[in-house]
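> Sending over a structure as structure tokens; questions will come in a sec.
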Amino acid sequence: MQKIQQILTRVIQKVFNQHMQPELSRPDEQFGDFSTNVALQLAGKIGKKPREVAEELVEALQPELAEIAADISIAGPGFINIRIKDHLLLAAAAVAPESKPDTYKDKVVVAEYSDPNPFKVLHAGHLYTTVVGDAVANLLQEAGGKVHRVNFGGDVGLHVGRTMWAILQELGGEHPEKLSSIPKAQRSIWLSQQYVKGSNAYSEDAEAKEAIIKLNKRVYQLHEKRDHTSPFAQIYWTTREWSYDAFDAIYKRLNVSFEKYYPESETTELGIKTVREQLKKGVFQESDGAVVFKGEPYGLHTRVFINSNGLPTYEAKDIGLIMTKWNDYKFDISTVITGNDIVEYMKVVLKSIEQFAPELSNRSKHLTHGMVKMAGRVKMSSRKGNILRGDDILDAAAEATKKATGQINDEAVLAAVKYAFLKQRIGGDIIYDPEESVSLEGNSGPYLQYAHARACSILQKTTGFEGEIAAELEPAERSLARKISEYPEVIQKSVADMMPHYICTYLYELAQTFNRFYEHNRVVGNERQATRQLLVQLYADVLKDGLRVLNIPAPVRL
RNA sequence: GCGCCCGUAGCUCAGUGGAUCAGAGUACUUGGCUUCGAACCAAGGGGUCGCAAGUUCGAAUCUUGCCGGGCGUACCA
1006 MQKIQQILTR
1016 VIQKVFNQHM
1026 QPELSRPDEQ
1036 FGDFSTNVAL
1046 QLAGKIGKKP
1056 REVAEELVEA
1066 LQPELAEIAA
1076 DISIAGPGFI
1086 NIRIKDHLLL
1096 AAAAVAPESK
1106 PDTYKDKVVV
1116 AEYSDPNPFK
1126 VLHAGHLYTT
1136 VVGDAVANLL
1146 QEAGGKVHRV
1156 NFGGDVGLHV
1166 GRTMWAILQE
1176 LGGEHPEKLS
1186 SIPKAQRSIW
1196 LSQQYVKGSN
1206 AYSEDAEAKE
1216 AIIKLNKRVY
1226 QLHEKRDHTS
1236 PFAQIYWTTR
1246 EWSYDAFDAI
1256 YKRLNVSFEK
1266 YYPESETTEL
1276 GIKTVREQLK
1286 KGVFQESDGA
1296 VVFKGEPYGL
1306 HTRVFINSNG
1316 LPTYEAKDIG
1326 LIMTKWNDYK
1336 FDISTVITGN
1346 DIVEYMKVVL
1356 KSIEQFAPEL
1366 SNRSKHLTHG
1376 MVKMAGRVKM
1386 SSRKGNILRG
1396 DDILDAAAEA
1406 TKKATGQIND
1416 EAVLAAVKYA
1426 FLKQRIGGDI
1436 IYDPEESVSL
1446 EGNSGPYLQY
1456 AHARACSILQ
1466 KTTGFEGEIA
1476 AELEPAERSL
1486 ARKISEYPEV
1496 IQKSVADMMP
1506 HYICTYLYEL
1516 AQTFNRFYEH
1526 NRVVGNERQA
1536 TRQLLVQLYA
1546 DVLKDGLRVL
1556 NIPAPVRL
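Each residue of the first sequence is one higher than the last, beginning at 1006 in my numbering.
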């Protein structure tokens, strides 16, 4: 492809004396393997009819591409379509599984995602952001980046005050020993119930609200004093650990892992210190007893970094977080993957950082995705407790898989859930339907797994290569080879746009192409076995590799 | 009010700095397993790409306005 591009550039220069970077696209199969619209673009520039330009170009191109192209044609208003020779297509397919971009070669990348809050539940939204974040991190890694996966969460803050308040109510005071009466399996649910209780009390009961604010402050103090022994501290640390255990359990289920947790309590100090320092230098201002950053001069809005109680808000903690990441990794790129409800928030935080550490904000990239919405328009709220937990989604998928196949299959469950989340373009909201969204059919993860297993099954029935690789391909073989050869371009595009869904779309089309081939073409025992066997092998390799990038298992047998 | 995002088939979504771009899955109707795995394949109906204007040889895609929806907008995150 690059070679064709180079030749095209040279020919355009020679014939028309024009510099341009011609773009090659993949047209509909009937038109050829590559297509370019340069003639149309040139026509305007040099004042000729597009069709004439195309004809001149093709004439000059013919001898140059003699070794490569089987056919060069002009179509429609002046598109130039190129069909490459079969053995070159096969050669391109042969290198497809290993070809990777080097966009982030040797770059140190910190990828932060998932970000559930201790003392709260890991819900459907977290599951989505975890799966998407993991795939994006994988993309960065595919492109040569040295990726450090990190996780951030609020182990201090008002929500902790709310939960602690309810826990104390439940235990009848500061009695950490009573925690042992809660069964291990119930801990996570029990904690999220306490959060709901605390939240309701906070908004309905003035007395409770005051108590919660005090508890919030006590939690910060507990961190300052490194208190692990007082009864209050024991309750806090124990239940905090319960939260992290619950998170680790679901990450294990998802087969994702993090190098490091950054609890907010560990970024708070540096955050406050920095904000206070920069307050003196005029980056931040005092206003109504709070410390704020005024975003209006930059087209943004004002946000509070330290509230009038002297406590840091998320803004200050985020400053502490990015600086802690910098101290730990001296990153080239820092990506944070979150929901799009905080885009404006993040702009303000990054703008404030730009004032005193521009190298940090310049290297930061905030990637956002939409919200997970329940089908039936019920809005989820962890405060109200009507949430779909991450575990609920996985359980529902497991149930659906068992019902459809009659067996327990964790790999298919992972494929169904992850693919359902990943196949959509990152950005818009996604509708999650617990009943329907976990499909095993059509454009789904299990479809890909099934198509992979079938290919592996064929390959297992072969012993070595029988015969010669054909010089010319039959139409169905050619379609498959052509699709396989597109893989590196798809990865490239996915990396460039940080969009894993391109890979999903491609893999589905690839599997479809294979299934169509498989329907009418025998491999084992056929006179074209060597050629077909090679194609099936390459197909399976690409499918497996693509699924690996998405962190979806590709078992040989289902 | 202002800012950001979104509006494509009944439903869920691809396609988005132009052309070969009106597509997929699902649902519905129908056909295909004595042959490498039917979680598959094939066929059919179904859309004024929210509306309108503009730019262009050409617009789902770019510009503007309007309509509809979501999120954010100072001490939650």
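Backbone N, C-alpha and C define an ideal beta-carbon position, used for all residues, glycine too.
Can you tell me whether DSSP reads S1119 as helix, strand or coil?
As a first step, residue 1119 must be located in the first sequence, where it is residue number 114. Here S1119 sits in coil by DSSP.
> Do A1148 and K1109 count as a contact pair if the criterion is CB distance below 8 Å?
As a position in the first sequence, residue 1109 is number 104, starting the count at 1. As a position in the first sequence, residue 1148 is number 143, starting the count at 1. In the sequence as displayed, the identity of residue 1109 is Tyr instead of Lys. Yes, the pair counts as a contact, with Cβ atoms nearer than the cut-off.
> Checking 8 Å against the spacing of the C-beta atoms, do S1204 and R1245 come in under that value?
Stepping through the first sequence from its first residue, residue 1204 is reached at position 199. Stepping through the first sequence from its first residue, residue 1245 is reached at position 240. Taking 8 Å as the Cβ cut-off, S1204 and R1245 do not qualify as a contacting pair.
> As a quick exercise: from A1044, Y1256, K1265, pick the residue whose alpha carbon is nearest that of Q1023.
Within the first sequence, numbered from 1, the residue matching residue 1023 stands at position 18. When each option's Cα is compared against that of Q1023, the closest is A1044.
> Three or more C-beta pairs closer than 8 Å, one from the segment 1023-1038 and one from the segment 1070-1089: is that the case here?
Result yes; three or more Cβ-Cβ pairs closer than 8 Å.
> Check for me: the alpha helix (DSSP H) holding L1173 runs from which residue to which?
Indexing the first sequence from 1 puts residue 1173 at position 168. L1173 -> alpha helix (DSSP H) spans 1163-1176.
> Applying the criterion that 16 or more other CB atoms from any shown protein chain within 10 Å of the CB defines a buried residue, is R1382 buried or exposed?
Here residue 1382 corresponds to residue number 377 of the first sequence, with the count starting at 1. Interpretation of R1382 is limited by its pLDDT of 47, a score under 50 that renders its predicted location unreliable; the figure taken from the coordinates is listed afterwards. Per the 10 Å Cβ criterion, exposed.
> Thinking C-beta only, is L1173 closer than 8 Å to E1179?
Here residue 1179 corresponds to residue number 174 of the first sequence, with the count starting at 1. Here residue 1173 corresponds to residue number 168 of the first sequence, with the count starting at 1. Contact: yes.
> Measuring straight from C-alpha to C-alpha, what distance separates V1554 and S1248?
Counted from its first residue, the first sequence places residue 1554 at position 549. Counted from its first residue, the first sequence places residue 1248 at position 243. Distance between the alpha carbons of V1554 and S1248 is about 29 Å.
> I'd like the ranges of any alpha helix (DSSP H) spanning at least 4 consecutive residues and lying wholly in the segment 1421-1508.
Within the segment 1421-1508, the complete alpha helix (DSSP H) runs of at least 4 residues are 1450-1465, 1480-1490, 1492-1502.
> Kindly give me the distance between the Cβ atoms of V1152 and A1140, rounded to whole angstroms, as I take these residues to be in contact under 8 Å.
As a first step, residue 1152 must be located in the first sequence, where it is residue number 147. As a first step, residue 1140 must be located in the first sequence, where it is residue number 135. That belief does not hold up - the Cβ atoms of V1152 and A1140 are roughly 12 Å apart, past 8 Å.
> Shortest alpha-carbon distance to G1433 belongs to which of P1317, P1068, T1343?
As a working mapping, residue 1433 is identified with position 428 in the first sequence. When each option's Cα is compared against that of G1433, the closest is T1343.
> Judging by CA-CA distance, which residue of A1171, Y1492, S1357 is the nearest neighbour of Q1283?
Along the first sequence, one-based indexing puts residue 1283 at 278. Measuring from the Cα of Q1283, the nearest candidate turns out to be S1357.
> DSSP on L1372, reduced to helix/strand/coil?
In the first sequence, residue 1372 corresponds to position 367, counting from 1. Three-state result, L1372: strand.
> Give the range of the alpha helix (DSSP H) segment to which K1600 is assigned.
Coverage of the chain is limited to positions 1006 through 1563, which leaves residue 1600 absent and any answer about it impossible.
> Is the beta carbon of V1547 closer than 8 Å to that of P1102?
Counted from its first residue, the first sequence places residue 1102 at position 97. Counted from its first residue, the first sequence places residue 1547 at position 542. Yes, the Cβ-Cβ distance between P1102 and V1547 is below 8 Å.
> Below 8 Å on the Cβ atoms is my contact criterion, and I expect I1489 with A1098 to pass it. Report the Cβ-Cβ distance as a whole number of Å.
On the first sequence, position 484 is the one that residue 1489 refers to. On the first sequence, position 93 is the one that residue 1098 refers to. Contact flag correct, Cβ pair sits at about 4 Å.
> Between which two residues does the alpha helix (DSSP H) holding T1406 run?
In the first sequence, residue 1406 corresponds to position 401, counting from 1. Its alpha helix (DSSP H) spans residues 1395-1410.
> Along the chain, where does the alpha helix (DSSP H) containing Q1282 start, and where does it finish?
Counting from one through the first sequence, the residue named residue 1282 turns up at place 277. It is Glu, not Gln, that sits at residue 1282 in the sequence shown. Note, E1282: alpha helix (DSSP H), 1273-1285.
> Can you tell me which of K1407, N1345, E1269 puts its alpha carbon nearest to the alpha carbon of H1374?
Taking the first sequence and counting its residues from 1, the one referred to as residue 1374 is at position 369. Nearest C-alpha to H1374: N1345.
> What are the residues that DSSP puts in a beta bridge with M1379?
The residue given as residue 1379 occupies position 374 in the first sequence. Per DSSP, Y1437.
> Kindly give me the distance between the Cβ atoms of I1431 and V1137, rounded to whole angstroms, as I take these residues to be in contact under 8 Å.
Locating residue 1431 in the first sequence gives position 426, counting from the first residue. Locating residue 1137 in the first sequence gives position 132, counting from the first residue. Their Cβ separation, rounded to whole angstroms, is 6 Å, which keeps I1431 and V1137 in contact under 8 Å.
> Could you work out which residue in M1351, L1094, V1309 is closest to L1539 when comparing CA atoms only?
Indexing the first sequence from 1 puts residue 1539 at position 534. Comparing Cα positions, the closest option is L1094.
> Would you mind reading off the limits of the beta strand (DSSP E) that contains D1076?
One-based indexing of the first sequence puts residue 1076 at position 71. Residues 1074-1080.
> Which first and last residues belong to the alpha helix (DSSP H) in which G1138 is found?
Numbered from its first residue, the first sequence carries residue 1138 at position 133. Here the alpha helix (DSSP H) through G1138 covers 1129-1147.
> Using 10 angstroms around the beta-carbon of V1100, count the other beta-carbons present and answer buried if the total reaches 16, otherwise exposed.
Residue numbering aside, residue 1100 sits at position 95 when the first sequence is read from its first letter. Exposed: under 16 other Cβ atoms inside 10 Å.
> Under 8 Å, do Q1290 and V1280 count as touching if we go by C-beta distance?
For the purposes of this step, residue 1290 is taken as residue 285 along the first sequence, with counting starting at 1. For the purposes of this step, residue 1280 is taken as residue 275 along the first sequence, with counting starting at 1. Going by C-beta atoms, Q1290 is not nearer than 8 Å to V1280.
> Quick one: what does DSSP say W1041 is sitting in, helix, strand or coil?
Stepping through the first sequence from its first residue, residue 1041 is reached at position 36. A small correction: the amino acid at residue 1041 is Thr; Trp does not occupy that position in the sequence shown. Strand at T1041.
> How many Å lie between E1064 and Q1018 at the Cα?
What you label residue 1064 is simply residue 59 of the first sequence in a count that begins at 1. What you label residue 1018 is simply residue 13 of the first sequence in a count that begins at 1. Each residue's Cα considered, the two are about 14 Å apart.
> Out of I1255, R1231, Y1544, R1537, which has the shortest C-alpha to C-alpha gap to E1473?
Within the first sequence, numbered from 1, the residue matching residue 1473 stands at position 468. Closest option to E1473, Cα to Cα, is R1537.
> Grab me the residues of V1161's own chain with a C-beta within less than 7 Å of its C-beta, minus the 5 sequence neighbours each way, in chain order.
Numbered from 1 along the first sequence, position 156 holds the residue referred to as residue 1161. V1224, Y1225, H1228, E1269, S1270, T1273, listed in sequence order.
> Could you give the DSSP three-state label for H1525: helix, strand or coil?
Start at 1 with the first residue of the first sequence, and residue 1525 comes out as number 520. If DSSP states are grouped into helix, strand and coil, H1525 belongs with the helices.
> Does the beta-carbon distance from V1541 to A1460 come in below 8 Å?
Counting from one through the first sequence, the residue named residue 1541 turns up at place 536. Counting from one through the first sequence, the residue named residue 1460 turns up at place 455. Taking 8 Å as the Cβ cut-off, V1541 and A1460 qualify as a contacting pair.
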